[in-house]
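Below is one structure; the comments refer to it alone.
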Amino acid sequence: MEKTKEFLKAIGVKSETIEAITAAEPAEDLNIEDLSKAYISNQKTLSANDPDLIKGIKDEIRGTELSKIEHKIKKQFNLSPDDVREKKFEEILETAFNKVKTESGSTSEELQGKVLELNKIVKQYEDEILPAERNKSKEAISNFRKDLAIRDALAQKNLIVGTDVILPALNTTLNSYQVEINDKNEIEIKTKDGLKPLSEDGTKTLTFEEIIDNQLNSMKVVRQSNAEPGSDKIVKEERKLNSDQPDPDPNKKTYSLPGLKAAAQNAQQLKEMKTFGA
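In terms of our numbering, the sequence shown is numbered consecutively and its last residue is 1468.
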């Protein structure tokens, strides 16, 4: 009998209730149904005020996985569409708690099972879903910033082809690195081993922009000129002295852009590569 009393006390049954139901000669007017209802009501109150059930729940990312959890809660606690309409995740939990508090006809075991299930759902959200969604969000922001930085760098170049031709090859190169947003909200690039990328001779640390420049130069898609650095002048063709070539037609003006032939060939090759990989 003592073990029975200890057990009842351990699960939260009040002392007066334990004494009433374990007495050698129970009172003739002892109402077991009233005692059980009082116990269930007390357990509901304790569960509704349990901080472990609601700690850490914030309205952050309402993604697909979060919708699945909300569906579980609706099904487990028989919540109607009106119960959850336009409510944040923690508000849906609160609605479920209130339903548990006011629910009638549930036995202690049924109530305990529902509370445990709700605990499990909350823990899954905190430990698995929320961190995963945070990582997805961080990755999406990083990719967005990377794309903006690439397009900004390309906009400053005098390219012989469109950016849509260059981007696939450029992204392939950048995907061999780790591109992240640091604490200063700046783009930071590292090797897959977490090291700073170096120049070919190993004497210099390369920045994100420098890696892009190197790739563009290797692809030969930046317009070149034989004029002074920074200029891109069109040069009129002149007849060279002591040349066997006939004088050009004086009525026909011909011009050439230094490096144009090689640039056009590179552009054509890139377009063919893109078509082949499509």
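A virtual CB, placed ideally from N, CA and C, is assigned to each residue, including glycine. Since the model is a prediction, treat every value here as computed from it, not as a measurement.
Residue of the options minimising C-alpha distance to residue i
i, options, result
"K1265", "T1395, E1307, A1345", "E1307"
"K1410", "K1374, N1365, L1360", "L1360"
"E1390", "I1377, N1404, E1196, A1210", "N1404"
"P1358", "E1206, L1320, Q1314, D1337", "D1337"
"N1407", "N1348, I1263, G1384, S1205", "N1348"
Beta-carbon proximity list for residue i, same chain, < 8 Å, skipping 5 on both sides
i, result
"K1394", "L1388"
"Y1185", "Outside the displayed range of the chain (1191 to 1468) lies residue 1185, so it cannot be described from this structure."
Distance between residue j and residue i (C-alpha atoms, nearest Å)
i, j, result
"I1282", "K1304", "15 Å"
"E1276", "E1260", "12 Å"
"L1269", "S1327", "30 Å"
"I1340", "V1312", "41 Å"
"E1428", "Q1414", "Low confidence applies here, because E1428 scores a pLDDT of 48, under 50, leaving its location unreliable; read the following figure in that light. So the two alpha carbons sit approximately 20 Å from each other."
"I1350", "I1356", "10 Å"
"G1352", "Q1346", "13 Å"
"S1332", "L1364", "13 Å"
"A1343", "D1272", "51 Å"
"N1375", "G1392", "27 Å"
"T1362", "E1280", "42 Å"
As assigned by DSSP and simplified to three states, the class of residue i
i, result
"E1378", "strand"
"L1140", "An answer regarding residue 1140 cannot be provided, because it is not within the stretch 1191 to 1468 covered by the chain."
"E1206", "helix"
"V1412", "strand"
"T1212", "helix"
"K1442", "Low per-residue confidence applies at K1442: pLDDT is 48, beneath 50, and the placement is therefore not dependable, though the value from the model is reported in the following sentence. DSSP places K1442 in coil when its eight states are reduced to three."
"L1406", "helix"
Residues near residue i by beta carbon distance below 6 Å, same chain, minus five either side
i, result
"F1398", "I1377, I1379"
"F1267", "A1286, K1289"
Any non-hydrogen atom of the ligand SAH within 7 Å of residue i CB
i, result
"E1370", "As far as ligands go, the structure on display features none, and thus does not contain the ligand SAH."
Own chain partners of residue i with C-beta closer than 7 Å, once the 5 adjacent residues on each side are dropped
i, result
"R1335", "I1371, I1377"
"E1418", "Low confidence applies here, because E1418 scores a pLDDT of 48, under 50, leaving its location unreliable and the question unanswered by this model."
Notebook entry, point to check: Which full runs of the alpha helix (DSSP H) of 4+ residues lie inside the region 1285-1372, going along the chain?
Noted result: 1298-1314, 1320-1345, 1353-1364
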